[in-house]
Ligand SMILES: [Zn+2]
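Numbering (the UniProt record's numbering), first residue to last: 1 to 381.
Here is the structure:
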């Protein structure tokens with residue numbers, strides 16, 4: 001018998017404990033869940049029967065009878081996850097423990113609109129499933145990151161910049177019409193933060209910056225993604241102090257994004273006579289020690305750092321992790337650090353780590369897997 005996700009209640013809790021690697025035996029499950037050993041055994045049997053858990057007799061013995069080792073059944077299922085950027089999509093399949101099975105990147109213009117973009121994504125998912133997953137292994141959920149604000153209540157995109165046609169588009173409904181499964185639609189910086197948090201064990205409060213074509217920030221509070229009403233962490237339209245007056249895509253003057261994003265730097269460099277077509281070109285220019293590029297990236301880092309001083313004092317995180325395509329430019333992070341350490345309260349920075357993001361290019365995909373599994377296995381799902 002194959003059981004569909006979501007798996008609710010205690011079964012979902014037990015499955016999640018195994019999926020996240022925290023429990024490897026029925027004894028672990030009893031200890032961590034607080035359920036009686038007999039209830040754990042009953043539910044484990046049900047999960048094995050449902051094809052979701054596997055149990056083998058290879059656990060290390062602690063003197064008595066050798067405990068049987070629990071793991072996710074290899075055929076328990078896969079998750080299809082994507083991270084949409086302005087000009088590309090990175091997508092792949094994960095197993096239910098969140099480990100990538102296959103990941104690829106392909107060109108994709110988000111400005112082509114939601115239907116064309118989501119259909120291209122779904123066709124890529126279908127092909128990956130056909131090529132990499134046996135037909136007996138079910139797809140359990142689909143998740144995507146969006147480079148714009150997402151209302152967590154409706155999973156719709158709300159007033160995004162540079163995404164014509166996406167405002168209020170029902171992304172989740174569109175995907176659900178194709179996949180009758182748990183669907184996750186989430187802001188890309190939030191996904192990146194959820195993925196990055198897995199790389200900082202023991203650190204519960206993080207700000208994860210994504211500095212690419214735009215600027216985003218995901219906030220992890222007490223180990224969990226903080227969404228607020230959907231706009232939490234959105235630092236891109238904070239006003240910065242400036243002598244000039246630049247109009248942002250949002251219509252206001254002097255937003256951080258209008259000065260310090262990859263898109264803003266690309267425009268400024270092009271105006272200065274240095275040809276740039278993508279944000280990654282800026283990193284190349286900095287590495288080649290082109291003075292205009294290095295100077296602009298340094299200024300961008302200082303502006304981002306100035307905005308962060310307020311946030312670090314207020315939120316007092318353990319870690320500020322900096323990712324996104326522009327983060328590979330060394331002067332960015334050093335100037336962020338300099339601004340934060342100069343202006344923040346000593347107590348706020350004493351144990352603060354400001355560091356490059358650790359989770360790598362698949363951070364958002366890993367975050368999508370983790371949130372999708374949370375949603376599919378939560379007691380209230
Ligand atoms: Zn703005």
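We put the beta carbon where it would ideally sit given N, CA and C, even for glycine.
- prompt: When you compare only the Cα positions, how much space is there between residue 305 and residue 260?
  reply: Cα to Cα, the separation comes out at about 10 angstroms.
field: Closest Cα partner of residue 32 within the set 46, 45, 42, 15
entry: Nearest Cα to residue 32 within the set 46, 45, 42, 15: 15.
Cross-strand partners of residue 217 (DSSP beta bridge): Looking at the DSSP assignment, residue 217 forms a beta bridge with 209.
- prompt: Based on the DSSP secondary-structure assignment, which residues constitute the bridge partners of residue 255?
  reply: DSSP, once it has assigned bridges, lists 239 as partnering residue 255.
query: Around the C-beta of residue 242, are 16 or more other C-beta atoms found within 10 angstroms, so that it is buried, or is it exposed?
result: Per the 10 Å Cβ criterion, exposed.
query: Heavy atom of ligand 2 less than 6 angstroms from the Cβ of residue 132, yes or no?
result: Ligand 2 is not among the ligands present in this structure, which contains only ligand 1.
Endpoints, the alpha helix (DSSP H) within which residue 223 is located: First-last for residue 223: undefined, no H or E at that position.
message: My assumption, with CB atoms under 8 angstroms, is that residue 90 sits in contact with residue 361. Please give the rounded CB distance.
response: Confirmed, about 7 angstroms.
- prompt: What's the call for residue 125, buried or exposed, on a 16-neighbour Cβ count within 10 Å?
  reply: Its Cβ being crowded by 16 or more others within 10 Å, residue 125 is buried.
field: Option in 341, 358, 239 with minimal Cα separation from residue 352
entry: The option with the nearest alpha carbon to residue 352 is 341.
task: Check the DSSP bridge columns for residue 187 and list the partner residues they point to.
output: In the DSSP output, where bridge partners are listed per residue, residue 187 has 146.
task: Counting only the same chain and skipping the five closest in sequence on each side, list residues whose C-beta sits under 8 angstroms from that of residue 88.
output: Excluding five sequence positions before and after residue 88, the CB atoms of its chain that fall closer than 8 angstroms to its own CB belong to 105, 106, 107, 108, given in chain order.
Cα-Cα separation, residue 236 to residue 215: Just so you know, the alpha carbons of residue 236 and residue 215 end up roughly 5 angstroms apart.
message: Quick check: the Cα distance between residue 310 and residue 86, rounded to an integer number of angstroms?
response: Roughly 29 angstroms separates the two Cα atoms.
message: Any heavy atom of ligand 1 inside 6 angstroms of the beta-carbon of residue 108?
response: False, no ligand heavy atom lies under 6 angstroms from that Cβ.
query: Around the C-beta of residue 228, are 16 or more other C-beta atoms found within 10 angstroms, so that it is buried, or is it exposed?
result: Counting every other CB atom within 10 Å of its CB across the protein chains shown gives residue 228 a total below 16, marking it as exposed.
task: Could you say which of 358, 298, 71, 79 lies nearest to residue 184 if we only look at CA atoms?
output: If you compare the alpha carbons of 358, 298, 71, 79 with that of residue 184, the shortest gap goes to 79.
query: Heavy atom of ligand 1 less than 6 angstroms from the Cβ of residue 217, yes or no?
result: Between ligand 1 and residue 217, a heavy atom-to-CB distance of less than 6 angstroms is absent.
CA nearest to the CA of residue 209, picked from 336, 294, 276: Nearest of 336, 294, 276 to residue 209, Cα basis: 336.
task: Please report how far the alpha carbon of residue 137 lies from the alpha carbon of residue 323, in whole angstroms.
output: Going from the Cα of residue 137 to the Cα of residue 323 covers about 34 angstroms.
- request: Starting from the C-beta of residue 102, find all residues in its chain whose C-beta is less than 7 angstroms away, skip the five residues before and the five after it, and write them out in chain order.
  value: The residues are 92, 93, 128, 132.
- prompt: So residue 377 is in the alpha helix (DSSP H); what residue range does that whole segment cover?
  reply: Looking at the DSSP string, the run of the alpha helix (DSSP H) that includes residue 377 is 363 to 377.
message: Given this structure, state the Cα-to-Cα distance separating residue 279 from residue 297, to the nearest angstrom.
response: Roughly 11 angstroms separates the two Cα atoms.
task: Say yes only if the C-beta of residue 344 is nearer than 6 angstroms to one or more non-hydrogen atoms of ligand 1, and no if none qualify.
output: With a cut-off of 6 angstroms, the C-beta of residue 344 is classified as distant from ligand 1, since no heavy atom of the ligand falls inside that distance.
task: Under 8 angstroms by Cβ, that's how I've got residue 319 and residue 355 pegged, so tell me the actual separation to the nearest angstrom.
output: Going by Cβ atoms, the distance from residue 319 to residue 355 rounds to 7 angstroms, so yes, they are a contact pair.
- prompt: Does the count of Cβ pairs from the segment 217 to 227 and the segment 263 to 273 closer than 8 angstroms reach three?
  reply: Not touching, per the Cβ criterion.
- request: Using 6 angstroms as the cut-off, classify the Cβ of residue 253 as near or not near the heavy atoms of ligand 1, replying yes or no.
  value: Closer than 6 angstroms to some heavy atom of ligand 1: that does not describe the Cβ of residue 253.
message: Between residue 332 and residue 301, how many whole angstroms is the CB-CB distance? I'm expecting something under 8 angstroms.
response: That pair is a contact at about 4 angstroms.
- request: Return yes when at least one heavy atom of ligand 1 lies under 6 angstroms from the C-beta of residue 87, else no.
  value: Remark: the shortest separation between the CB of residue 87 and any heavy atom of ligand 1 does not fall under 6 angstroms.
message: Quick check on this structure: which residue in 172, 188, 187 has the alpha carbon closest to the alpha carbon of residue 181?
response: Nearest option by C-alpha distance: 172.
message: Let me confirm a value: residue 314 is counted as buried when at least 16 other C-beta atoms fall within 10 Å, else exposed. Which label applies?
response: So residue 314 counts as exposed.
Same chain, Cβ closer than 7 angstroms to residue 221, five either side skipped, listed in chain order: Excluding positions up to five away in sequence, the list reads 205.
message: Let me check one thing: in DSSP terms, what residues is residue 354 bridge-paired to?
response: Residue 354 pairs with 320.
query: Would the C-beta of residue 226 count as close to ligand 1, meaning under 6 angstroms from any of its heavy atoms?
result: It does not: the Cβ of residue 226 is nowhere closer than 6 angstroms to a heavy atom of ligand 1.
- prompt: Does DSSP put residue 100 in a helix, a strand or coil?
  reply: Strand at residue 100.
task: Identify the continuous beta strand (DSSP E) that holds residue 93 and give its terminal residues.
output: Run containing residue 93: 88 to 95, per the beta strand (DSSP E) assignment.
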